[in-house]
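Single-structure report; data block below.
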């Protein structure tokens, strides 16, 4: 009793220590992220005072505005003010949309989330079995085929694949719908409860909108899904090869377990632990990788928002978007570390 | 029967007579392994072709990449224009051929900036350890925590679009993995006997790092760099596609795909062919990296 208690207590202490170290490093990383966006915002050749007052303003007005904006302060004080502002949820105003950047991002983020989530599901449900097959049939044709598929995935420019997909499946074959999230005459028919159209239309029971959303989502999600498939299948193959060479697999086989059970249950079960990290990282990179895909498919998400703001030198919007994507990235990294400690007892 | 001097035997000798002979022998052995790897060889052929095309660009193309000819705009591929013409009547084949120079230039510049930077940061912090190490690794962690394309975008936004700025932006996001690798390699050897021996003979830290630590990091770094080159090409092409890379009229492939986008329905070749070029070249670098890993990475044997 006593021994068991102390073991579990030691474990709890260990978990707390790991977690606090993780939280500390995440906070540091986040401050670093803010520092980078802050510095980028300071080195741009655009004078923020001139943007605010226009070039007809007198020197007096110019100077007053400069002080109002806090630009006369030393850099570290400006950074402190920036920190306080960001933590209060204020990312400034977008020049392009004239809305607060926070509000803009809240509006466009669900679209990116929808695309990334569907793509991640495609990548996981095809990539994991493909990786397992490649490992089981190592060196034979399924392995080679999957290697070619994933190598192509690493090499193809996403924006080009998107364009070619549109050309073939939309323009020539008419299997899927074109750019955008919905057919134009169906827009704004469903209340944006979550902003994720698949969910909203299903909640409202409007299947016409749902079908249209699926038709619009199919191509961009397949293309992004292909990229995560390429990565996930390759990593799965590696993890499975490692597991299949271990002694417990031989034991399980010797005990007469079916090959199916040995591979898909015992080996894959253990390979799932490092795979979770890979899947989390893939998901984070999907949120980022959507920048080019969203541009090609006119998908009104965060990526398109950032690129549009970039082209109009709308720095508040660009840096706000960068910050949000970076924060999501850090968050997902943290989550994958935590999951790893939860599922792998050795790492405690 | 045996000839007086046999080059293969000299290279593969078990008792090399000089440092040069031993080193050349090792390289030859690596080449033999690499040669038997079809994937790596395919990649090498593609990359060698790329370099050859870049060097011979003016002689390979009948037309210049910049001459506009509006009556000939958007012509389909034909005997006169192998890949057709674009919206200004420029010959797409010539533009692709000259575009190889831009692609190679970007890759080389990024690697020249990022790899030595990563090598120095990683090996110095791994060698000395302590606070220096903690601070340097924290910085690499922060840069690694950024999504690469977004960070590059933010940098280009700050610096302004253009080829040089795109290179800087990509290089800034590319060095941390190299630092990590160099640090890991340095940590494994920093307490080994040959380092201590060099120190005891009076070598300075600078000499130990440059002459003994750097060469030990080289092979892992080369593998990583060659595997990264495809990613660099794709990022550069992505920036070009968004209008943030090389500026018109430079025949940058990503920008060419972007300008062909509006004619895609009827004149598919304007966008399709530059994209295919990007695909082939990045595939070549990926295959080459894969093959090099098999040769240089002892763990993969």
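Protein chains in written order, with the working numbering: chain B, 1 to 348; chain L, 1 to 301. Each residue gets a CB set at the ideal place from its N, CA and C atoms; glycine is no exception.
Check: Comparing C-alpha positions only, which one of 299/B, 133/B and 321/B sits nearest to residue 309/B?; Outcome: 321/B
Check: How many Å lie between residue 150/L and residue 292/B at the Cα?; Outcome: 10 Å
Check: Just to make sure I have the definition right: I need the residues of chain B whose C-beta is within less than 9 Å of the C-beta of residue 238/L. Which are they?; Outcome: 157, 158, 159, 291 and 292
Check: Does DSSP put residue 91/L in a helix, a strand or coil?; Outcome: strand
Check: Alpha carbons only, please: which of 146/L, 86/L, 134/L and 61/L is nearest the one belonging to residue 266/L?; Outcome: 86/L
Check: Do residue 91/L and residue 81/L have their beta-carbon atoms positioned less than 7 Å apart in this structure?; Outcome: yes
Check: Can you confirm whether residue 19/B, when its beta carbon is compared against all beta carbons of chain L, has any partner nearer than 7 Å?; Outcome: no
Check: Tell me the DSSP secondary structure of residue 85/L in three-state form.; Outcome: strand
Check: I'd like to know whether the C-beta of residue 146/L is nearer than 7 Å to at least one C-beta of chain B.; Outcome: yes
Check: For the segment 205-225 of chain B against the segment 111-130 of chain B, do three or more pairs of beta-carbon atoms, one drawn from each stretch, fall closer than 8 Å, so that the two count as touching?; Outcome: yes
Check: Could you name the residues of the same chain whose beta carbon sits closer than 6 Å to that of residue 46/L, not counting the 5 residues immediately before and after it, in chain order?; Outcome: 284
Check: Along the segment 312-325 of chain B, where does the CB come closer than 8 Å to a CB of chain L? Name the residues.; Outcome: 313, 315, 318, 319, 321, 322 and 325
Check: Can at least three beta-carbon pairs, one atom from the segment 102-113 of chain L and one from the segment 169-177 of chain L, be found at a separation below 8 Å?; Outcome: yes
Check: Grab me the residues of residue 301/L's own chain with a C-beta within less than 7 Å of its C-beta, minus the 5 sequence neighbours each way, in chain order.; Outcome: In this prediction, residue 301/L has a pLDDT of 44, which is less than 50 and means its spatial position is unreliable; what the coordinates show is noted afterwards. Once the five neighbours on either side are set aside, residue 301/L has no close Cβ partner at all.
Check: Suppose the cutoff is 7 Å on Cβ atoms and the five residues either side in sequence are ignored; what does the same chain contact list for residue 170/L look like?; Outcome: 110, 152, 232, 235 and 236
Check: Taking only beta-carbon atoms, is residue 219/L less than 7 Å away from chain B?; Outcome: no
Check: Could you tell me the alpha carbon to alpha carbon distance between residue 1/L and residue 215/L, rounded to whole angstroms?; Outcome: Low per-residue confidence applies at residue 1/L: pLDDT is 49, beneath 50, and the placement is therefore not dependable, though the value from the model is reported in the following sentence. The straight-line gap from Cα to Cα measures roughly 41 Å.
Check: With 7 Å as the threshold, decide whether the Cβ of residue 242/B is near any Cβ in chain L.; Outcome: no
Check: Give the interface partners of residue 76/B over in chain L, defined as CB-CB distance under 7 Å, in chain order.; Outcome: Going along chain L, no residue has its Cβ under 7 Å from residue 76/B, so there is no contact; the nearest lies around 18 Å.
Check: Would you mind telling me which residues of chain L sit closer than 7 Å to residue 288/B, beta carbon to beta carbon, in chain order?; Outcome: 147, 149 and 150
Check: Could you name the residues of the same chain whose beta carbon sits closer than 7 Å to that of residue 282/B, not counting the 5 residues immediately before and after it, in chain order?; Outcome: 120, 123, 228, 231 and 232
Check: Check for me: the alpha helix (DSSP H) holding residue 252/L runs from which residue to which?; Outcome: Element bounds for residue 252/L: n/a, residue is neither H nor E.
Check: Report yes or no: is there a C-beta of chain B within less than 7 Å of the C-beta of residue 41/L?; Outcome: no
Check: Which of the three DSSP states is assigned to residue 177/L in this structure?; Outcome: helix
Check: With a threshold of 8 Å, are at least 3 pairs of Cβ atoms found where one atom belongs to the segment 185-203 of chain L and the other to the segment 249-258 of chain L?; Outcome: no
Check: Straight-line CA distance for residue 17/B to residue 337/B?; Outcome: 13 Å
Check: Run down chain L in chain order and give the residues with a C-beta less than 8 Å from the C-beta of residue 285/B.; Outcome: 147
Check: For chain L, find out if any of its Cβ atoms is closer than 7 Å to the Cβ of residue 329/B; answer yes or no.; Outcome: yes
Check: Give the residues from the segment 262-276 of chain L that approach chain B closer than 7 Å (Cβ to any Cβ), ordered along the chain.; Outcome: 264, 265, 268, 271, 272 and 275
Check: Counting contacts by CB-CB distance shorter than 7 Å, is residue 43/B in contact with chain L?; Outcome: yes
Check: So residue 266/B and residue 254/B are in contact, right, with Cβ under 8 Å, and what is the actual spacing, rounded?; Outcome: No, residue 266/B and residue 254/B are not in contact; Cβ-Cβ is about 13 Å, not under 8 Å.
Check: Can you tell me which of the three DSSP states residue 192/B falls into?; Outcome: coil
Check: Looking at residue 264/L and residue 255/L, is the spacing between their C-beta atoms short of 7 Å?; Outcome: no
Check: Excluding the 5 residues flanking residue 81/B on each side, which residues of the same chain have their C-beta closer than 6 Å to its C-beta?; Outcome: 70
Check: Which residues of chain B have a Cβ atom closer than 8 Å to the Cβ of residue 257/L, listed in chain order?; Outcome: 157, 159, 160 and 163
Check: Taking only beta-carbon atoms, is residue 171/B less than 7 Å away from chain L?; Outcome: yes
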